[in-house]
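What follows is a short report on a single structure.
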Amino acid sequence: EDKVVQSPLSLVVHEGDTVTLNCSYEVTNFRSLLWYKQEKKAPTFLFMLTSSGIEKKSGRLSSILDKKELFSILNITATQTGDSAVYLCAAPRMNRDDKIIFGKGTRLHILP
Amino acid sequence: DGGITQSPKYLFRKEGQNVTLSCEQNLNHDAMYWYRQDPGQGLRLIYYSQIVNDFQKGDIAEGYSVSREKKESFPLTVTSAQKNPTAFYLCASSTRDRRSSGANVLTFGAGSRLTVL
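First to last, the protein sequences are chains S and Z.
Basically the numbering used here = 1-based index in the first sequence + 1243.
Basically the numbering used here = 1-based index in the second sequence + 516.
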């Protein structure tokens, strides 16, 4: 059965700390892995990873994919209270149905 | 500006009533999706449609129905058969063009929160 598993499910840190969020996957005909940030309503797109070992970076956020070990990490350095959100990991199943499999998310709370 | 519009944002209904949630997109996307989100559950797929006049059940389709008569529109009906309909509902769309760098990158609407009294 296709699945995406995120850990931890919940994380509380102090402002300025660095956090690492994990995502492992088992998805038929894997092609890409996606990270989203969800604050109050609609998830917003962060990264799409398709190649192993190539880091994608956006400000204090970075992410990397390991296709051999079937996982990805999302790093956030020098965290700020505005980083508090649920971070979702997803992988499209690239067969006839193109179904997108989501993990349960990591709820990150940054204390001031 | 292109995007996805869901309505209503908040909806209250009595038990046993059917309700329909609207989802409209002007992104020219072929694929559209409905997800349900409950606290601590992540996103669970209800129905999805890859093309007009065609749709497939997701993981939790029981008690829901959809239609896809137009490319831009994918309404979701929560029927009285849905045992626990109170939830946050998210609609999303994506291009299916695998030549596109945005293939399968979902764009989400702002969501509809349904409360059944």
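Beta carbons are placed, not taken as given, at the ideal position from N, Cα and C, and that holds for glycine.
Asked: Starting from the Cα of S1250 of chain S, find the closest Cα among S:I1344, S:N1272, S:K1311, S:Y1268 and give me that residue.; Found: S:Y1268
Asked: For chain S, is any of its Cβ atoms less than 7 Å away from the one on N542 of chain Z?; Found: no
Asked: Hey, would you say L630 of chain Z sits closer than 7 Å to L592 of chain Z, going by beta carbons?; Found: no
Asked: If you draw a straight line from the C-alpha of S1295 of chain S to the C-alpha of I1307 of chain S, how long is it?; Found: 7 Å
Asked: Return the residues of the stretch 1261-1287 of chain S that lie within a Cβ-Cβ distance of less than 7 Å from chain Z, sorted by chain order.; Found: S1275, L1277, K1284, A1285, P1286
Asked: Which of the three DSSP states is assigned to T593 of chain Z in this structure?; Found: strand
Asked: Less than 8 Å between the CB atoms is what I'm expecting for V1247 of chain S and C1332 of chain S, so what's the real figure, rounded?; Found: 6 Å
Asked: I'd like to check one pair, Q566 of chain Z with A597 of chain Z: are the Cβ atoms closer than 7 Å?; Found: no
Asked: Run through DSSP, which three-state label would T1287 of chain S get?; Found: strand
Asked: Could you tell me if N620 of chain Z is buried or exposed, where buried requires 16 or more neighbouring beta carbons within 10 angstroms of its beta carbon?; Found: buried
Asked: Verify the CB distance criterion: does G519 of chain Z have a CB-CB separation below 7 Å to chain S?; Found: no
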